[in-house]
Amino acid sequence: MPYLLIAILASLATIVISPLARVPTYRLSPVFLVPLIWLPYWIRRQIHLHPLHYALLCSAILLHQLGAFGFYQRWPMPFSFDIVVHFWFAFAAALSVRRAIRRTLPLGRWQAGLAALLLVMGGGALHEVMEYGSYLLLGEEKGMLKPSSSYSFDTQRDLLSNLVGAVVALMLITVCKWTSRRGARPQASATDAVVLNRAG
């Protein structure tokens with residue numbers, strides 16, 4: 337049930353934002369983004385998708401959709417909106433991909449983390465190629481890439497933001513696992529003491 341609710345709300349938000357877009361290219365974005373929202377929903381069992389991870393993925397899609405209001409061109413914060421979007425996408429994707437790998441493949445923790453990092457970075461690189469391809473095919477006005485108004489090292493910055501987002505997600509998992517194991521040790525020791533006392 338939470339998966340369906342997340343998918344419906346994210347789809348509705350994406351559709352509502354598009355006619356309000358100040359940037360013309362976002363008016364057709366639901367055609368691409370709504371299927372992207374529903375794809376993880378349909379394969380959630382196969383990839384062992386956690387509801388929280390699904391919500392994070394959908395929030396990343398909606399964050400990108402907010403670019404319809406011109407945030408990629410003008411953003412009140414001291415850092416680029418593009419950095420935030422790429423960081424958050426990679427953060428959410430790394431959590432989901434790492435979980436899917438751990439649940440489906442016979443890999444250890446660090447191996448699953450490395451595989452997740454490589455897959456997320458590969459997906460980010462593919463997105464950059466698609467972005468450039470849309471510019472070549474459709475031109476600057478309709479394409480995803482805007483060379484005249486974007487940062488000159490946009491591709492490098494996007495990939496770096498992806499890397500940082502994925503690494504932060506994987507580090508967060510490591511810290512959570514480590515703290516949960518530390519918390520479990522005293523409890524296990526106390527249980528062992530009770531068992532030994534009863535046995536004595």
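Using the working numbering, you'd call the opening residue of the sequence shown number 337 and step up by one each time. Cβ coordinates follow ideal geometry from the N, Cα and C atoms, glycine included. Since we're looking at a predicted model, the values are computed, not measured.
Rounded Cβ spacing between residue i and residue j (contact assumed at less than 8 Å)
i    : j    : result
L393 : S432 : 6 Å
T350 : I397 : 7 Å
A502 : L441 : With 8 Å as the limit, A502 and L441 do not qualify as a contact, their Cβ atoms being about 18 Å apart.
A404 : L356 : 7 Å
F415 : F407 : F415 to F407, Cβ: 12 Å. No contact.
L499 : M457 : 6 Å
L506 : A429 : Not confirmed; about 11 Å, so no contact.
As assigned by DSSP and simplified to three states, the class of residue i
i    : result
H386 : coil
R534 : Confidence at R534 is low in this model, with a pLDDT of 45, below 50, so its placement is unreliable and the value that follows should be read with caution. R534 falls in the helix class under three-state DSSP.
Y408 : coil
L328 : With the chain running from 337 to 536 in the structure shown, residue 328 is simply not present.
F415 : coil
V433 : helix
V359 : coil
F489 : coil
R518 : helix
A524 : Low local confidence applies: a pLDDT of 47 at A524 is under 50, so the model's placement there is unreliable, and no value is given.
Range covered by the alpha helix (DSSP H) that runs through residue i
i    : result
W568 : For residue 568 there is no data in the structure shown, the boundaries of the chain being 337 and 536.
T350 : 338 to 353
7 Å Cβ shell around residue i - same chain, five flanking residues per side excluded
i    : result
A343 : I373, W374, Y377
P366 : T350, I351, S354
Contact set for residue i: own chain, Cβ-Cβ below 6 Å, skip 5 residues either direction
i    : result
S347 : V370, I373
L455 : V433
I509 : none
R363 : S354, A357
L341 : none
Contacting residues, own chain, Cβ-Cβ under 8 Å from residue i (five flanking each side not counted)
i    : result
Y339 : Y377, R380, L385, P387, Y390
W411 : F417
Any 3 or more C-beta pairs closer than 8 Å across the segment 417 to 433 and the segment 363 to 375: The segment 417 to 433 vs the segment 363 to 375: no contact.
Say whether the segment 434 to 445 touches the segment 461 to 474, bearing in mind that this needs 3 or more beta-carbon pairs closer than 8 Å, one atom from each stretch. Segments in contact, no.
Any chance the segment 447 to 461 sits against the segment 513 to 520, with 3 or more Cβ pairs inside 8 Å? Per the Cβ contact rule, the segment 447 to 461 is not in contact with the segment 513 to 520 (fewer than 3 Cβ pairs under 8 Å).
Hey, is the segment 449 to 463 in contact with the segment 382 to 393, meaning 3+ C-beta pairs nearer than 8 Å? No contact exists between the segment 449 to 463 and the segment 382 to 393.
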